[in-house]
Structure formats: structure tokens, C-alpha cells
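Only one structure is covered here, and it is reproduced in the block below.
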Amino acid sequence: MEIRGYIGDASPVNNMVIAELRGVSKRFGDVLAASDLNLSIAEGEFLSFLGPSGCGKTTALRILAGFEVPTEGEVLLDGEVVNDLDAHHRPVNMVFQQYALFPHMTVAQNIGYGLRQRRPRLPKAQIAEKVSKALDVVQLSGFDDRKVWEMSGGQQQRVALARAIINEPKLLLLDEPMAALDRKLRKEMQIELQNLQRQLGITFVLVTHDQEEALSMSDRICVMKDGRIVQIGSPQELYDQPNSRYVAGFVGTSNFFDGKVTEQSGALISVLLSNGLSMQGKPVGKVETDQEVCISVRPEQINLSRNTDGLSVIVQNRIFLGEHTEYLVRHETLGEFLVLSPRQSEPDNGPFKAGDTLFASWEASAALVLDNT
Amino acid sequence: MRLYAICVYLFLYIPIGVIALFSFNAGRHASQLQGFSTKWYGKVLSNPFVMDALETSLTVAFTSALLASLFGTMAAVALQGIKGPLRTAFDLLIYVAVMIPGIVIGIATLIGLVTVFNQLNPLIAAIWPEGFEAPKLHMGMGSLIAAHTMFLMALVVIIVRARLAGMDRALTEASSDLYATPMGTFVQVTLPMIFPAILAGFLLSFTFSFDDFIIAFFVAGSETTLPIYVFSSIRRGVTPEINAIGTMVLAVSLIMLVTAQLLLQRGGKKTK
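Protein chains in written order, with the working numbering: chain L, 163 to 535; chain G, 234 to 505.
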């Protein structure tokens with residue numbers, strides 16, 4: 163088995179499975195937007211689809227919502243195949259990227275929209291009561307009669323959230339919900355969303371291209387590329403054990419050195435780098451001799467010192483980040499790479515300066531041998 | 234360049250201004266101002282021929298505008314779901330229907346309807362029960378409304394479709410996501426959003442139909458619309474009475490056009 167085979171556990175650790183994709187593909191004309199997606203979503207979890215634009219994450223979400231019918235494969239909701247169940251019959255609700263609030267309705271009318279579609283009709287008083295409760299949950303009490311276009315972006319998003327959660331959906335789908343918010347508001351909303359999810363116990367499925375957003379909120383992340391799921395795992399798993407260069411680069415930052423496997427000795431693997439150096443690393447999956455791989459070393463795993471052990475490097479640039487200092491260093495044959503030093507590891511005579519000659523070292527187990535894709 | 238533009242506008246609007254001015258003329262003659270008076274308006278309003286023509290015009294304009302708005306909206310909504318060469322063909326035909334000169338529509342409708350009527354009338358007479366007089370299809374109010382509805386429909390399609398295209402697709406998706414049936418989505422979301430455009434289309438259609446002379450001239454049969462009345466009386470010389478009719482038609486048309494424009498603008502802003 164090559165490394166590529168290791169995708170992570172497609173099923174959640176515990177809990178009941180509430181939704182499932184089985185070999186789902188979606189083709190638009192000649193474009194394969196989603197390819198062989200296999201995924202189980204557990205009741206009450208917070209799952210994110212992470213990837214750059216065009217990676218198929220939105221298609222996956224739209225398939226769950228019922229806006230797209232998969233070309234192949236099955237979509238299951240609560241154990242039943244729902245491929246042919248129209249969006250308006252699915253007990254699933256979505257928060258749209260630009261919120262898609264109805265401009266000709268007030269805030270309360272927007273929020274009560276889903277309840278008003280129920281047949282047999284719900285009594286008006288019951289709808290009003292639920293709407294006011296939902297407004298309470300998203301901290302917009304008293305905004306009932308506002309026009310939606312009079313509200314700020316953050317408030318509009320809360321209305322969109324309230325409009326979805328009032329229906330107590332089996333899945334709440336969020337399509338890049340933070341994209342239209344400024345940075346500070348985004349942070350606040352991230353925390354609020356997480357609290358809301360725990361408080362309501364509704365399963366959240368989020369689509370985002372922002373790794374920070376995915377890392378901070380999700381129980382599990384599903385990293386996608388070119389319509390495929392590359393890896394599924396908890397944020398920590400993805401960070402510590404990425405299965406490919408792609409995941410390592412997308413989740414956090416890393417230094418990459420290309421090379422070829424020369425020897426496998428126990429837990430460690432020797433790699434001959436393309437620049438002639440030899441390096442040891444720990445494989446994430448299985449690798450074969452002569453396979454093209456890359457070695458990934460996270461900047462915070464690298465230790466800089468004036469002692470004479472390790473690679474001799476020259477500091478090119480230094481960026482002070484508060485609790486950390488980021489150094490861009492240069493090695494004769496390896497080229498430039500990043501090092502992140504915590505404040506307390508600074509030498510007594512102050513931080514290193516540009517032009518200093520230092521020695522960089524790391525544990526062999528911190529260097530991951532990854533599939534070079 | 235600016236002078237040139239001013240000249241063009243003067244050339245366009247002076248005759249209209251003159252008509253409006255002379256409609257308030259106290260004198261009998263259309264070429265000589267003899268003091269201010271509204272007596273010609275009174276005369277127009279008490280002229281039974283004018284009133285008859287006005288009634289015909291209003292009936293035709295209202296009915297054809299209503300039908301055009303209804304069918305035009307239906308066509309525009311249906312065309313949303315169509316893509317590819319079929320869509321292109323429809324688009325082309327719709328623009329052609331708006332661009333074709335009225336005289337072509339008039340002649341074509343006349344020839345077409347007369348041919349069909351001549352074929353159908355004996356057939357109807359043949360299958361009609363004995364003893365009753367068979368109805369005869371002929372040119373008149375019906376053919377007039379049909380001809381107007383046809384070309385106004387294209388106008389409504391264009392106006393409503395522009396509005397539909399400007400509408401965020403996510404809105405209808407959100408509605409369907411919130412359990413509304415396709416019909417429910419149309420009634421609760423799409424229709425309120427495009428309603429200003431439909432109303433604007435109705436008003437424009439009403440104006441176009443009310444003002445139309447050429448098509449009406451061909452297909453009206455024995456009916457007389459207001460423009461046809463004006464045309465036939467002008468042959469007996471321009472009277473201040475004609476000026477008064479013209480001014481009233483102008484005023485009504487302008488009000489409708491401005492209202493339609495306002496509706497389209499205001500409606501456009503709210504979707505953003």
C-alpha cells in the first residue's frame with residue numbers, strides 16, 4: 163500500500179451516524195466536481211470540508227442539502243437513501259454564503275419562513291413563540307420587525323442562522339458563513355457558532371477555505387482536493403500526521419524537502435534529497451524504496467542554537483510575533499526554510515539577528531516522510 | 234455638438250408642445266392663438282364618438298396588457314429553466330417580436346386571421362345545430378386584443394426576465410431548503426420579488442396598446458380606437474379638439490411611463 167491509500171477514518175469515533183456519503187460522484191458536463199466521496203457524519207459533531215475554491219467542497223454540501231443529485235453513489239440521511247428526495251423534503255437546513263435572506267420580509271418573517279411551510283399548518287401563536295425563542299438564541303431579541311437590509315453583516319448572519327436552526331434540522335449546513343465578515347467579527351462568530359452547536363446538539367457541516375476557521379471549530383476536518391477527499395481526521399491528527407504534502411501545506415505551514423527513499427530501518431526512513439543531502443524521517447503511511455517523497459518539518463519543531471550540532475544556517479530575516487519569533491534561515495544546499503522559536507528558548511543575550519550563523523536541528527521523528535502530492 | 238443636440242430636441246418636442254399649447258386655444262382655428270380656454274376639453278368629453286373610441290381603446294389596452302403581463306410572466310419564468318440552443322432561439326424570437334415594425338405585424342395578423350377565419354367559418358356553420366344561427370368569426374375587438382397581446386407579451390418577457398436574472402438564485406434555493414414546495418417558492422419569494430417588473434410591464438403594455446395606431450388600423454375591423462378616430466378626423470383638418478385628445482393621451486402615457494420607470498428602479502434597488 164502506498165501512502166496515498168491512507169485517508170484516515172471515514173467514520174466518526176462514536177455516536178450514531180446521521181448522514182452518510184457512499185461513493186458519491188457529481189459530474190457537470192465534462193467536469194468531475196466530486197469524485198467517489200465516502201464519509202459518515204455522526205450525530206452532534208462539527209465537521210468541516212476544507213479546501214481551496216473548486217475542490218468540490220461546496221458540491222459536497224449541496225449534495226447533502228439536496229440541491230444537486232449525485233451522478234453516482236448514495237446519500238443517506240438517518241439510514242435512508244435520500245438521493246431522490248428534493249431539498250424541500252429534506253430535514254436539513256443551510257446557512258448560505260451571502261445569507262440569502264428574503265428582502266421583502268421582516269426579520270421575524272424570515273425566521274418563521276420554514277415553520278410557515280409546515281402542513282398541517284402550525285398555529286400562529288406557536289410560530290411566534292418559536293421565532294422569539296430563536297431570536298433569543300442568536301441574541302437578536304427585539305429585532306423582529308426590522309427589515310433585513312437595514313441590518314449589519316453580522317446581524318444578517320445571525321438571522322440566517324436563526325432561520326435555519328428554528329426548524330431543528332438533522333444537519334445544519336454552513337456554506338462559508340464567515341466569508342463576508344471582517345476579521346474581528348469572524349473570531350467572535352466562530353466562538354458563538356461553537357457554543358451554539360454544543361448548546362443545541364445539532365450536527366454542523368461547514369464548508370470553508372480558511373484553515374484557521376476549520377481548525378478552531380471542527381471536531382473533524384475533511385480535506386479536499388480536485389473533487390476528492392484527501393484526508394479526514396481531527397484537527398490535531400491532520401496537523402501531526404498529514405498523509406500528503408498537500409495536507410501538510412494546507413493545514414498549518416511546513417518546510418518541505420524533496421527526495422527519494424533509500425533505506426528503511428525500523429521506524430525511521432532514510433531519504434536522499436534531490437540536492438544530495440541525506441535525511442531521516444518518520445513515515446506516516448507505508449513507503450517503498452526509490453519512491454519519490456518529501457520530508458515535512460514544521461517550523462516550530464526546529465531548534466536554533468549557537469552550538470555546533472545540526473545544519474549550519476544563516477539568518478535571513480526575523481519577524482517578531484509576540485510569543486514567537488519567526489526566522490527565515492538559509493542553508494547552503496537545502497535553501498531557505500522557516501523556523502518558529504518560542505520566546506523562552508531565546509538565548510540569554512537576546513534573540514538572533516539577521517546575518518547570524520547558527521545551527522538548526524530537529525528530532526528525526528519530527529520529520530515526516532510524505533507522499534509528494 | 235451641444236447646439237446640435239439642442240436642435241434635435243427642439244425639433245422633436247416643439248410640435249408636441251405646440252399641440253399641448255393649442256389645445257387650450259380659445260379660438261376655432263388650429264393655427265391662431267386666441268386666448269386661454271379649456272372648452273375643447275369639455276367638447277371632447279361630451280363627444281359620443283370620442284367617448285366610444287376611448288372606451289374601445291381602454292378595453293383593448295387593459296385586456297391586452299393584462300393578458301400580456303400574465304402570459305409574458307409565465308413565459309419569462311419558464312424560460313429561466315431552459316438553457317442552450319433552445320433558449321437562444323427563444324431569445325432571438327422575442328427580440329424579433331419587439332423589433333418588427335408595427336405595419337408588418339398588422340398586415341401579417343390581418344392576412345393570417347382572415348385566412349383562418351375563412352377556413353373556419355364554413356366548418357363552424359356545418360357543425361352548428363340546425364335552427365340556430367352559426368357565429369361568424371370576424372375581425373374586431375378580439376383580433377385587436379390578440380394582435381396587441383402578442384407583441385406586448387414579448388415586451389413583458391424582456392422586462393420580467395431582466396428582473397429574474399438579477400435575482401439571487403440562492404433566494405429560491407433558500408426557500409426550497411426551508412421546505413417550501415416549488416409552487417410555494419414561486420408565490421412567496423419569486424412573485425413578490427418580480428412583482429414591480431410585472432407591474433411596470435403592465436403599464437408599458439397598456440401605454441403601447443393605448444397609443445398604437447398601425448396594428449389597430451389593420452386588425453380592428455369595424456372597431457374604432459382613439460388613435461383611429463384621431464386619424465380619421467384629421468383628414469377633415471386639425472381642430473383644437475384633436476389637440477386636446479392628443480394632449481390627454483400624452484399626459485396619461487407619460488404618467489404611466491414614469492411610474493413604470495420608478496417601479497423598475499425601486500424594485501431593482503431592494504434586491505441588492
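In this text, a Cβ means the ideal position worked out from N, Cα and C, and glycines have one as well.
Delimiting residues of the beta strand (DSSP E) encompassing residue i
i         : result
Thr424(L) : 417-427
Lys188(L) : 179-190
Asp198(L) : 193-204
Leu530(L) : 530-533
Glu288(G) : Where Glu288(G) is concerned, there is no enclosing beta strand (DSSP E), although the alpha helix (DSSP H) it sits in stretches over 281-313.
Met332(G) : Met332(G) -> not in any beta strand (DSSP E); alpha helix (DSSP H) instead, spanning 318-332.
Asp337(L) : 333-337
Pro265(L) : No beta strand (DSSP E) contains Pro265(L), which DSSP labels as neither H nor E.
Terminal residues of the alpha helix (DSSP H) in which residue i lies
i         : result
Met374(G) : 374-399
Arg348(L) : 345-362
Arg402(G) : 402-410
Inter-residue spacing [alpha-carbon to alpha-carbon] between residue i and residue j
i         : j         : result
Glu230(L) : Arg224(L) : 6 Å
Met383(G) : Gln359(L) : 56 Å
Gly275(G) : Val482(G) : 15 Å
Gly335(G) : Phe446(G) : 9 Å
Leu303(G) : Phe366(L) : 43 Å
Leu520(L) : Ala407(G) : 58 Å
Thr289(G) : Asn280(G) : 14 Å
Leu291(G) : Pro460(G) : 12 Å
Ser303(L) : Ile327(L) : 16 Å
Gly479(G) : Phe451(G) : 21 Å
Ala339(G) : Leu388(G) : In the sequence on display, residue 339(G) carries Gly and not Ala. In a straight line, the C-alpha of Gly339(G) is about 17 Å away from that of Leu388(G).
Met426(G) : Phe412(L) : 41 Å
Ser440(L) : Pro397(L) : 31 Å
Leu362(L) : Leu355(L) : 10 Å
Glu450(L) : Thr370(L) : 34 Å
Val331(G) : Ile353(L) : 56 Å
Thr458(G) : Ala449(G) : 7 Å
Gly317(G) : Leu404(G) : 24 Å
Gln453(L) : Arg382(L) : 30 Å
Gln494(G) : Leu487(G) : 10 Å
Ser314(L) : Arg280(L) : 30 Å
Gly472(L) : Ser523(L) : 5 Å
Glu474(G) : Phe464(G) : 13 Å
Ala484(G) : Pro331(L) : 56 Å
Asp402(L) : Lys188(L) : 31 Å
Val455(L) : Gly213(L) : 22 Å
Ile344(G) : Met372(G) : 11 Å
C-beta neighbour in chain G for residue i, strict 8 Å
i         : result
Arg112(L) : Since the first and last residues shown for chain L are 163 and 535, residue 112(L) lies out of range.
Ala262(L) : yes
Phe521(L) : no
Arg325(L) : yes
Glu318(L) : Rather than Glu, the amino acid found at residue 318(L) in this sequence is Gln. Cβ-Cβ to chain G under 8 Å: no for Gln318(L).
Gly276(L) : yes
Asn357(L) : no
Phe366(L) : no
Thr255(L) : One point to set straight first is that residue 255(L) is Asn, not Thr, in the sequence displayed. Yes, Asn255(L) lies at the interface with chain G (some Cβ there is under 8 Å from its Cβ).
Gln393(L) : no
Gln279(L) : yes
Close Cβ partners of residue i (< 7 Å) along its chain, the five nearest in sequence each way excluded
i         : result
Gly274(L) : Ile289, Val293
Arg348(L) : Met340
Asn272(L) : Leu263, Phe264, Val310, Val321, Arg325
CB contact check: residue i to chain L, cutoff 8 Å
i         : result
Thr414(G) : yes
Ala330(G) : no
Ala407(G) : yes
Leu411(G) : yes
Gly317(G) : no
Gly417(G) : yes
Leu404(G) : yes
Leu245(G) : no
Asp285(G) : no
Sequence-distant residues of its chain with Cβ nearer than 6 Å to residue i (five each side left out)
i         : result
Ser376(G) : Leu346, Val452
Val390(G) : Gly305, Ala308, Ala309, Ile327
Ala358(G) : Ala367
Leu300(G) : Thr382
8 Å Cβ shell around residue i - same chain, five flanking residues per side excluded
i         : result
His486(L) : Glu462, Leu502, Ser503, Pro504, Arg505
Ala526(L) : Leu430, Gln442, Gly443, Lys444
Residue i: CB within 7 Å of a non-hydrogen atom of the ligand PLP
i         : result
Ser197(L) : The ligand PLP is not among the ligands present in this structure, which contains no ligands whatsoever.
> the stretch 421-433 of chain G: which residues have C-beta closer than 7 Å to a C-beta of chain L, in chain order?
Replying inline: Within the stretch 421-433 of chain G, the residues whose Cβ lies closer than 7 Å to some Cβ of chain L are Val422, Pro425, Met426, listed in chain order.
> For the stretch 192-221 of chain L, which residues have a beta carbon sitting closer than 7 Å to at least one beta carbon of chain G?
Replying inline: Under the 7 Å Cβ criterion, the stretch 192-221 of chain L contributes no residue.
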